[in-house]
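Student: I have a structure I would like to understand better, so I am pasting it below and will then ask my questions one at a time.
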Amino acid sequence: MKLHLSFTRWDVRCRLLATVLLAFSFSFVTALHLLPVILAVALGFVWLARLSPKKLLARLGIPSLVIVAMVIFLPFFGGSTVLFEAGIVTVYQEGLAGAALIALRFYAIMILVFAVIGTLPLHATIRAMNSMGLPAIMADMAGLVLRYFHVLSDDNLRMSTAMRLRGYGAKPWSLSSLRTQAWLWGGLFLRSHERSQRVYRAMILRGYNLEDQPSQGFPQRRDMLLLGLALVVSGVIVFLQLQAGK
Amino acid sequence: MHIPDGILPLPVTAGALAATIGLTAAAITKIKRMPDPREGIPRAALFTAAFFILSTIHIPIPPTSVHLMLSGLLGVMLGYYAMPAVVIAIFLQAVMLGHGGLTTIGVNAIIIGLPALLCGWFYRWMRPTALRRGNRSHLGLAFAIGTFGSALAVVIFVMTILLFMPVYIDASAERAALLTLMLVHTPLVLVEGLFCAWLVHYFQRTNPELLCGSVAGNSVP
Numbered sequence: 001m002k003l004h005l006s007f008t009r010w011d012v013r014c015r016l017l018a019t020v021l022l023a024f025s026f027s028f029v030t031a032l033h034l035l036p037v038i039l040a041v042a043l044g045f046v047w048l049a050r051l052s053p054k055k056l057l058a059r060l061g062i063p064s065l066v067i068v069a070m071v072i073f074l075p076f077f078g079g080s081t082v083l084f085e086a087g088i089v090t091v092y093q094e095g096l097a098g099a100a101l102i103a104l105r106f107y108a109i110m111i112l113v114f115a116v117i118g119t120l121p122l123h124a125t126i127r128a129m130n131s132m133g134l135p136a137i138m139a140d141m142a143g144l145v146l147r148y149f150h151v152l153s154d155d156n157l158r159m160s161t162a163m164r165l166r167g168y169g170a171k172p173w174s175l176s177s178l179r180t181q182a183w184l185w186g187g188l189f190l191r192s193h194e195r196s197q198r199v200y201r202a203m204i205l206r207g208y209n210l211e212d213q214p215s216q217g218f219p220q221r222r223d224m225l226l227l228g229l230a231l232v233v234s235g236v237i238v239f240l241q242l243q244a245g246k
Numbered sequence: 247m248h249i250p251d252g253i254l255p256l257p258v259t260a261g262a263l264a265a266t267i268g269l270t271a272a273a274i275t276k277i278k279r280m281p282d283p284r285e286g287i288p289r290a291a292l293f294t295a296a297f298f299i300l301s302t303i304h305i306p307i308p309p310t311s312v313h314l315m316l317s318g319l320l321g322v323m324l325g326y327y328a329m330p331a332v333v334i335a336i337f338l339q340a341v342m343l344g345h346g347g348l349t350t351i352g353v354n355a356i357i358i359g360l361p362a363l364l365c366g367w368f369y370r371w372m373r374p375t376a377l378r379r380g381n382r383s384h385l386g387l388a389f390a391i392g393t394f395g396s397a398l399a400v401v402i403f404v405m406t407i408l409l410f411m412p413v414y415i416d417a418s419a420e421r422a423a424l425l426t427l428m429l430v431h432t433p434l435v436l437v438e439g440l441f442c443a444w445l446v447h448y449f450q451r452t453n454p455e456l457l458c459g460s461v462a463g464n465s466v467p
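Written out as structure tokens, the structure is:
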């Protein structure tokens, strides 16, 4: 319980650093017997973040389709040692191992990212990255991007409705439809661009300047301990991989 | 067109991340040399949001699905702002949607961002000549840039996957995979060229200041 509370109050900068460290150490793993270990570490963070399995599975849905499409053919075309043969279908040992390695590494990293960074508000993530050295121009852009998702989505919906009311019916695979869509997005950019310039100038006139943000201060001892723990886990994973590779 | 986590070995992802940091730092140095670097931020953010939305729309082309990459368009519209814009969009897509990955941010940023930077340079170089020759020539240039940006992104993506996937695949299967991926993306490359041409032509007629990564006299050096 205490560990869970520490995790939810963990300094955002330490969370980001720990995630990057662990994710890269996971991607270093090539030994098949270490795959359950990295998956267990990732699931440990799911438990700490109190992320429900239902939410996690929902978030993994679409990314899973991409990875399955990428590895599904590997057992049939990758490698030279025949594991199983039935008619024209041959399953190779190296291909099957490669598919398992890619898929499990993918799930371990994805689960870790969803549990540790995905449970943070995006504004907090951007502010923490800015205090860790992300240039102010990029931090500013990232903050505005979050706002423009909604602006563009609303404007797109309004303009598409207006087009439909005037009799426009989009035909898939038609050049004229594509041209109309390009012009629709052109109109959207123009409208949103003028408004975004006005809003940004008004923000600056009112004293907005990301470069002058107050420092977030040094992380507390508890935060550094958790980061140290992540560093140790990453180090152990890298050590075990190096041992397995000998 | 985004490479997910877990596919590429660590040296490749770490090397690509270092290259992306270098390219982004170089782009930001160029941006800081502009008279008012903050002037272009709202527009870059707006295009980043649009890139984010448009690149999450998947078009099914069996046996896979593709999505718009907009490398050429980003380069034409944002100039040097394209590289930081791509990095931000790819990070947000990885964290919010699981599209791409955290360890492959560097690779994915190079796949989309490098063609965008090249397209931006090429467009700035060729634009005066194309405009002197008339509207058709400008439209052709925008089509060529949209097509080139997308085709280059596909080539970098396919080569990265085939060269660095941690499984030995025999030469004939590799060639077949290469051919399939190229064929699947051919309609997308042409669609991107047309989309870029019509959009650039639209801006040229309505608000030419928006093109070439310049805002209200804030020209790209």
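Chains as they are written, first to last, in our numbering: chain A, 1 to 246; chain B, 247 to 467. For each residue, glycine too, the CB sits at the ideal point set by N, CA and C.
1) Do the CB positions of Thr-30(A) and Leu-112(A) come within less than 8 Å of each other?
2) What does Ala-86(A) pair with, by DSSP beta-bridge criteria?
3) Check the Cβ-Cβ distances between Thr-161(A) and every residue of chain B, and say whether any is below 8 Å.
4) Leaving out five residues before and five after Arg-13(A) in sequence, what residues of the same chain have Cβ atoms less than 6 Å from its Cβ?
5) Are there 16 or more other CB atoms within 10 angstroms of the CB of Gly-167(A), so buried, or fewer, so exposed?
6) Determine, for Leu-83(A), whether the minimum Cβ-Cβ distance to residues of chain B falls below 8 Å.
7) Rank His-193(A), Leu-51(A), Gln-93(A) by C-alpha distance to the C-alpha of Thr-8(A) and give the top, closest one.
8) Could you check whether the Cβ of Ala-49(A) sits closer than 8 Å to any Cβ belonging to chain B?
9) Considering only C-alpha positions, which residue in the set Tyr-326(B), Leu-338(B), Met-342(B) is nearest to Leu-56(A)?
10) Expressed to the nearest angstrom, what Euclidean distance is found between the alpha-carbon atoms of Asp-223(A) and Ala-230(A)?
11) Which residues of the region 362-377 of chain B have a Cβ closer than 8 Å to any Cβ of chain A? Give them in chain order.
12) Determine the chain B residues that contact Met-141(A) at a beta-carbon separation under 9 Å, and present them in chain order.
13) Along chain B, in chain order, which residues have C-beta atoms closer than 8 Å to that of Met-132(A)?
14) In angstroms, rounded to a whole number, what distance separates the CA positions of Met-372(B) and Leu-387(B)?
15) Hey, could you find the ends of the alpha helix (DSSP H) Trp-371(B) is sitting in?
16) Give the DSSP-derived three-state secondary structure of Ala-31(A) in the structure shown.
17) For the alpha helix (DSSP H) that contains Ile-274(B), what are its first and last residues?
18) Need the endpoints of the alpha helix (DSSP H) that Leu-208(A) sits in, please.
19) For Arg-127(A), report the span of its alpha helix (DSSP H) as first-last.
20) Flag this pair as yes or no: are the beta carbons of Pro-63(A) and Ala-99(A) separated by less than 8 Å?
21) Where does Ser-52(A) sit, in a helix, a strand or coil, going by DSSP?
22) So, at 6 Å on beta carbons, what are the nonlocal neighbours of Met-323(B) in its own chain, with the 5 sequence-adjacent residues on each side left out?
23) Would you kindly report the start and end of the unbroken alpha helix (DSSP H) that includes Gln-73(A)?
24) Give a yes or no on whether 8 Å exceeds the smallest Cβ distance from Ala-265(B) to chain A.
25) Any Cβ of chain A within less than 8 Å of the Cβ of Val-341(B)?
26) Measure the C-alpha to C-alpha separation of Leu-360(B) and Phe-394(B) and round it to an integer number of angstroms.
27) Could you give the residue range of the alpha helix (DSSP H) that holds Gln-220(A)?
28) So which residues on chain B does Leu-152(A) lean against when the C-beta distance must stay under 8 Å?
29) Taking the beta carbon of Thr-452(B) as the centre, do at least 16 other beta carbons fall within 10 Å, making it buried, or is it exposed?
30) Are there three or more Cβ pairs, one per stretch, closer than 8 Å when the region 284-291 of chain B is compared with the region 367-384 of chain B?
31) Grouping DSSP H, G and I as helix and E and B as strand, with all else coil, what is Asn-248(A)?
32) I need the straight-line Cα distance from Trp-331(B) to Phe-218(A), nearest angstrom please.
33) Roughly how far, in whole angstroms, is the beta-carbon of Gly-352(B) from the beta-carbon of Ala-262(B), given that I think they are within contact range, below 8 Å?
34) Going by the beta-carbon positions, is the gap between Ile-267(B) and Leu-152(A) smaller than 8 Å?
35) For the pair the region 388-407 of chain B and the region 429-449 of chain B, tell me if three or more CB-CB distances fall below 8 Å.
Tutor: This is what the structure gives:
1) no
2) Val-89(A)
3) no
4) Ala-128, Met-132
5) exposed
6) no
7) Leu-51(A)
8) no
9) Met-342(B)
10) 11 Å
11) none
12) Ile-287, Pro-288, Ala-290, Ala-291, Thr-294, Tyr-327, Pro-330, Ala-331, Ile-334
13) Those do not exist, as Met-132(A) stays about 13 Å from chain B at its closest Cβ, beyond 8 Å.
14) 8 Å
15) 351-379
16) coil
17) 256-278
18) One point to set straight first is that residue 208(A) is Tyr, not Leu, in the sequence displayed. No alpha helix (DSSP H) contains Tyr-208(A), which DSSP labels as neither H nor E.
19) 122-131
20) no
21) coil
22) Phe-293
23) Just to set this straight, residue 73(A) is Phe in the shown sequence, not Gln. From DSSP, Phe-73(A) is part of no alpha helix (DSSP H); its letter is neither H nor E.
24) no
25) yes
26) 12 Å
27) Gln-220(A) -> no alpha helix (DSSP H), and no H or E assigned at all.
28) Leu-292, Ala-295, Ala-296, Ile-299
29) exposed
30) no
31) Any question about residue 248(A) goes unanswered here, given that chain A covers just 1 to 246.
32) According to the sequence shown, residue 331(B) is Ala rather than Trp. Using only the alpha carbons, I get a separation of about 29 Å.
33) 4 Å
34) no
35) yes
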